[in-house]
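Line by line, the protein sequences give chains A and Z.
Heads up: the first sequence begins at 1 in this note's numbering, then just goes up one per residue.
Heads up: the second sequence begins at 562 in this note's numbering, then just goes up one per residue.
Ideal Cβ positions, reconstructed from N, Cα and C, are used throughout, including at glycine.
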Amino acid sequence: MTINYDPRVLKAPHPVPGAPDNWKRFFSFNTDAKVIGIQYIGLSLFFLLVGGLLAMVMRGELITPASDLVDPTVYNGLYTMHGTVMLFLFLFPVLNGFNNLLIPTMIGAPDMAFPKLNAAAFWLVPVFAIVLMGSFFVPGGPASAGWWSYPPVSIQNPLGHFINGQFLWILAVALSGVSSIMGAINFVTTILRMRAPGMTLFRMPVFIWTAWAAQTLQLIGLPALTGGAIMLLFDLSFGTSFFQPEGGGDPVLYQHFFWFYSHPAVYVMVLPVFGIFSELITVYSRKPLFGYRFVALASFVITFLGLIVWVHHMFYSGTPQWMRNLFMVTTMLIAVPTGVKVFAWLGTLWGGKIRLTTPMLFVLGGLVNFIFGGITGVMLGTAPIDIHVGNTYFVVAHFHYIIFNTIGFGIFAGIYHWFPKFTGRMFYEGLGKVHFALTFIGATLNWLPLHWAGLMGMPRRVASYDPEFALWNVIASIGAFMLGVASIPFILNMVSSWARGAKAPPNPWRAIGLEWLLPSPPPAENFEDDIPTVISEPYGYGLGRPLVEDEDYYVRRAQEA
Amino acid sequence: MSTTASDLPLQHTPGHIKHDGHNLTGFVIFLCSESIIFLAFFAGFILLKLTAPEWLPKGVEGLETRMPLINTIVLVSSSFVAYFAERKLHQGNLWGFRLLWMLTMAMGCYFVYGQYVEWSELAFSLNSGVFGGTFYLLTGFHGLHVITGILLMALMLGRSFRPNNYAKGDMGVTSVSLFWHFVDVIWIILYVLIYVWQRSS
């Protein structure tokens, strides 16, 4: 077999991310999705540290029953900002980073549909980050009504300043919404219109399905939150009374607006992680994804059901009984599509040639935690249990099992898995495993004991508590500090391997997917004009069938670039 | 077997060639998303109106409907004018398009003026309970969209004088006209909710 190369293949390679001479591109208005992706991930990991630091001050406060480390008012600001930073400055941006890196490369598109809009969406993140962080320095301190900002607490303005912590909080959340909508329009348009020839919907990788489902949720849900935030801002700053009973308003209306978005927001975050799980479990157990079509379609079933469960956050907000029953049933139904995915992953792992690399360890750890958090989720979806444990540490423990122990683990897994592809360097496996061990043990110590504290009735959002909960809190605080320590091997690994790690081959994990047919790191326009034609379903591990036409050509091309 | 890169299918190179179609797809997705904000406001309005113990503030009888009705008729007709303007453009009649397009803009401006006159004559303010709050929020937010629509139409009008402006299609005009229809439909719902449905239960 002879291969005649097109002369274009041999031309000088594009400037690549990671080359020492062009690090400045990461600090500029760049329209290349791969640069924007790394910008998102880098910035969001910085805010993971900020949010983690806020959490550790809180755990330091909670290590003793008395309120002795910080003032209770400061503590209110700490948990409000911790939640806001972690969601709006860590989780959403980091997942948009994955979308930017993976959507174009996985579907064979040269870039996003709207590159300038994409860059603008990213640069809004530092803008609202400054607005939010700036609220620490205004009189009265940052917002302290909790991340959900329920009125009437959130519309109090005792100092009477127009620019106050809560005002800046609403502004930051609204800007974050604008940025997310800009991103979502871009991602959905790209997925709908820019797939490689031959890539039908049922030949798309599951990550693309989940990203599409998640961004659809953003498009439907976010405007409702924006609407609620506008009304909250008017109540706070312009004297309206949408949520003030004195003027005929209804504070529960805000809860509807808030949870109509913020419950689906959990699925916006967890769906791409389901995608990451599906990608990684197949690679590291060398088997096709069990029930690929069902896993793909289940994403949209979750999207649909995710939009009709929000009242389960309001079981104790004076909700009528018929509404509680209705939303209890829809909440239980979500376990069905989610269960489809979990069993598909287990079916894929079953009898596979499992390789326990760092990314796979994070996936397995995340999967175990997800099943645990899913079960406590079904418990909380049951109205009688929820009314009993609502607003206790049981809820805190449950959602941290989902949001950190599942989503966070999935994000780390994804970062390790695609690190060689987008930086062109291999990471250090040993440091990665140390990071995993510290993270898994730390996370378990941190949140497992809080289930007991919650079941015994320890309320959330208080700086001091009854001494009978002290043991659980001491263990939790040790776990939290361990998570802080876990960031050291991670940062060390990322920085040193990007600077001096071994050069990565195009496909170090022998994975199947369009992104692995590109050089590491991929050139600016990915496949440029030479887009491969997809001829089979993804994840053909062990089936011996090629993914694209002339696969050998693309493999050779990537190796010689 | 011999393979060259030039044998590979090149007819589908999405994204590399600027597709105006992407812009329309993106814009339609944006409009769907934007409609949810209005849906949220409408849902909030209905809920507040049904549950408020006293809907109308003291000294307010209700809303006058004649002037808003004229406004509604003007805005709804302007949508048809915009449609005919678009048709003229498809027929290649550039001046016909510009004239009808300017007529649409003028009707939009009349609507905004009518809103201004109505606002300035009202006996209640933004802070007059949920009645005043929802009234100014809904009409104000819609008014911002009308003004945006007029500005976008002005932009399209200006661009129509550029040579070869329509070489790559007229997706800009299609999008703006779609936006105008959207603003129009929102107003009809708003008119029914705020002006027609005046009697509180």
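Out of Gly42/A, Leu49/A and Leu62/A, state which residue places its alpha-carbon closest to the alpha-carbon of Ile488/A.
-> Translated into the one-based positions of the first sequence, residue 488/A becomes position 488. Of the candidates Gly42/A, Leu49/A and Leu62/A, the one whose C-alpha sits nearest the C-alpha of Ile488/A is Leu49/A.
Closest Cα partner of Leu132/A within the set Thr105/A, Met199/A, Ile181/A and Leu175/A | Taking the first residue of the first sequence as position 1, residue 132/A is located at position 132. For the residues Thr105/A, Met199/A, Ile181/A and Leu175/A, the minimum Cα distance to Leu132/A belongs to Leu175/A.
At a CB-CB cut-off below 7 Å, which residues of chain Z make contact with Ser241/A?
-> The residue you call residue 241/A lines up with position 241 of the first sequence. Chain Z residues near Ser241/A: Gly690, Val691 and Gly694.
Per DSSP, what kind of secondary structure is Thr240/A in: helix, strand or coil?
-> Taking the first residue of the first sequence as 1, we reach residue 240/A at position 240. Coil at Thr240/A, not helix or strand.
Are there 16 or more other CB atoms within 10 angstroms of the CB of Leu471/A, so buried, or fewer, so exposed?
-> Looking up residue 471/A in the first sequence gives position 471. So Leu471/A ends up on the exposed side.
What are the uninterrupted segments assigned as alpha helix (DSSP H) that are 4 or more residues long and contained completely in the segment 349–407 of chain A, given in chain order?
-> Counting only runs of 4 or more, we get 358–381, 383–389 and 393–402.
Would you identify the three-state DSSP class for Pro72/A, choosing helix, strand or coil?
-> On the first sequence, position 72 is the one that residue 72/A refers to. Helix.
Beta-carbon neighbours of Ala613/Z, restricted to chain A and to distances below 7 Å | The residue you call residue 613/Z lines up with position 52 of the second sequence. Those within 7 Å of Ala613/Z in chain A are Gly248.
Please confirm if Leu687/Z has its CB atom under 8 Å from at least one CB of chain A.
-> By one-based count along the second sequence, residue 687/Z stands at place 126. Yes, contact with chain A.
Could you tell me whether the Cβ of Val188/A comes closer than 8 Å to any Cβ of chain Z?
-> Mapped onto the first sequence, residue 188/A falls at position 188. Output row for Val188/A: interface = yes.
Under 8 Å by Cβ, that's how I've got Leu609/Z and Val691/Z pegged, so tell me the actual separation to the nearest angstrom.
-> Within the second sequence, residue 609/Z is the residue found at index 48, counting from 1. Within the second sequence, residue 691/Z is the residue found at index 130, counting from 1. Correct: roughly 5 Å between the Cβ atoms.
Beta carbon proximity, Thr586/Z to chain A, threshold 8 Å = On the second sequence, position 25 is the one that residue 586/Z refers to. Chain A contact via Cβ: present.
Member of Asn30/A, Leu69/A and Trp23/A whose CA lies at the smallest distance from the CA of Val462/A = For the purposes of this step, residue 462/A is taken as the residue at position 462 of the first sequence. Checked all of Asn30/A, Leu69/A and Trp23/A; the closest Cα to Val462/A is Leu69/A.
In chain A, what lies closer than 7 Å to Ile598/Z by C-beta?
-> As a position in the second sequence, residue 598/Z is number 37, starting the count at 1. Result: Pro223, Thr226 and Gly227.
Kindly indicate if chain Z contains any beta-carbon less than 8 Å away from that of Ala597/A.
-> Any property of residue 597/A remains undetermined from this structure, which presents chain A solely from 1 to 561.
Any C-beta of chain Z sitting closer than 8 Å to the C-beta of Ile185/A?
-> The residue you call residue 185/A lines up with position 185 of the first sequence. Yes, Ile185/A counts as interfacial toward chain Z.
Work out the CA separation of Gly457/A and Tyr393/A for me, nearest whole Å.
-> In the first sequence, residue 393/A corresponds to position 393, counting from 1. In the first sequence, residue 457/A corresponds to position 457, counting from 1. Spanning the two alpha carbons is a distance of roughly 8 Å.
For Gln215/A, which option in Gly339/A, Phe92/A and Phe409/A has the closest C-alpha, if you only look at C-alpha atoms?
-> Working through the first sequence from its first residue, we reach residue 215/A at position 215. When only C-alpha atoms are compared, the closest one is Phe92/A.
Report yes or no: is there a C-beta of chain A within less than 8 Å of the C-beta of Gly657/Z?
-> Taking the second sequence and counting its residues from 1, the one referred to as residue 657/Z is at position 96. With 8 Å as the cut-off, Gly657/Z does not count as an interface residue toward chain A.
Using a C-beta cutoff of 8 Å, does Phe743/Z count as contacting chain A?
-> Within the second sequence, residue 743/Z is the residue found at index 182, counting from 1. No, its Cβ sits nowhere closer than 8 Å to a Cβ of chain A.
Residue ranges of each alpha helix (DSSP H) within the segment 172–253 of chain A, 4 or longer = The segment 172–253 of chain A contains these whole alpha helix (DSSP H) runs: 206–237.
Could you give the residue range of the alpha helix (DSSP H) that holds Asp745/Z?
-> As a position in the second sequence, residue 745/Z is number 184, starting the count at 1. Taken as a continuous stretch (DSSP letters only), the alpha helix (DSSP H) holding Asp745/Z covers Met732 to Tyr752.
Within 10 angstroms of the Cβ of Ala613/Z, are there 16 or more other Cβ atoms? Answer buried if so, exposed if not.
-> As a working note, residue 613/Z is residue 52 in the second sequence. The residue in question, Ala613/Z, is buried, as its Cβ has 16 or more Cβ neighbours within 10 Å.
Going by DSSP, what residues sit across from Val534/A in a beta bridge?
-> As a first step, residue 534/A must be located in the first sequence, where it is residue number 534. The partner list for Val534/A (beta bridge, DSSP) reads Val548/A.
Cβ-based contacts, 7 Å cut-off: residues of the segment 250–283 of chain A near chain Z | Per Cβ criterion, the list reads Asp250, Leu253 and Phe257.
Neighbourhood of Asn76/A by C-beta, 7 Å cutoff - its chain only, sequence neighbours within 5 removed = Here residue 76/A refers to the residue found at position 76 of the first sequence. Correct list, in chain order: Ser144.
Closer than 9 Å by beta-carbon distance: list the chain A residues that pair up with Ala684/Z, in chain order.
-> Stepping through the second sequence from its first residue, residue 684/Z is reached at position 123. Within 9 Å Cβ-Cβ: nothing; Ala684/Z doesn't reach chain A, min ~17 Å.
When DSSP builds the beta bridges, which residues end up paired with Pro152/A?
-> For the purposes of this step, residue 152/A is taken as residue 152 along the first sequence, with counting starting at 1. Paired residue(s): none; Pro152/A is not in a bridge.
Could you tell me which of Gly675/Z, Trp662/Z and Phe696/Z sits nearest to Phe685/Z, measuring between CA atoms?
-> Sequence index remark: in the second sequence, residue 685/Z carries index 124 (1-based). When each option's Cα is compared against that of Phe685/Z, the closest is Phe696/Z.
What's the call for Tyr766/Z, buried or exposed, on a 16-neighbour Cβ count within 10 Å?
-> In the structure displayed, chain Z extends from 562 to 762; residue 766/Z sits before or after that span and is not available.
Consult DSSP for Arg425/A and reduce its assignment to one of helix, strand or coil.
-> For the purposes of this step, residue 425/A is taken as the residue at position 425 of the first sequence. Strand, per DSSP.
So Trp637/Z is in the alpha helix (DSSP H); what residue range does that whole segment cover?
-> Locating residue 637/Z in the second sequence gives position 76, where the first residue counts as 1. The residue asked about is misnamed: residue 637/Z is Val in this sequence, not Trp. Val637/Z -> alpha helix (DSSP H) spans Arg627 to His651.
Going along chain A in order, which residues have a C-beta closer than 9 Å to the C-beta of Ala602/Z?
-> Walking along the second sequence from the start, residue 602/Z turns up at place 41. In the sequence as displayed, the identity of residue 602/Z is Phe instead of Ala. Result: Gly227, Ile230 and Met231.
Contacts of Leu698/Z in chain A (Cβ-Cβ under 9 Å) = Along the second sequence, read from residue 1 onward, the residue named residue 698/Z stands at position 137. Simply Ile230, Met231, Phe234, Thr240 and Phe242.
Cα-Cα, which of Ile478/A, Asp466/A and Ala499/A is closest to Ile428/A?
-> In the first sequence, the residue the question calls residue 428/A occupies position 428. Contrary to the premise, residue 428/A reads as Tyr rather than Ile in this sequence. Checked all of Ile478/A, Asp466/A and Ala499/A; the closest Cα to Tyr428/A is Ala499/A.
Given a threshold of 16 other Cβ atoms within 10 Å of its Cβ, counted over all protein chains shown, does Trp758/Z qualify as buried or as exposed?
-> Counting from one through the second sequence, the residue named residue 758/Z turns up at place 197. So Trp758/Z ends up on the exposed side.
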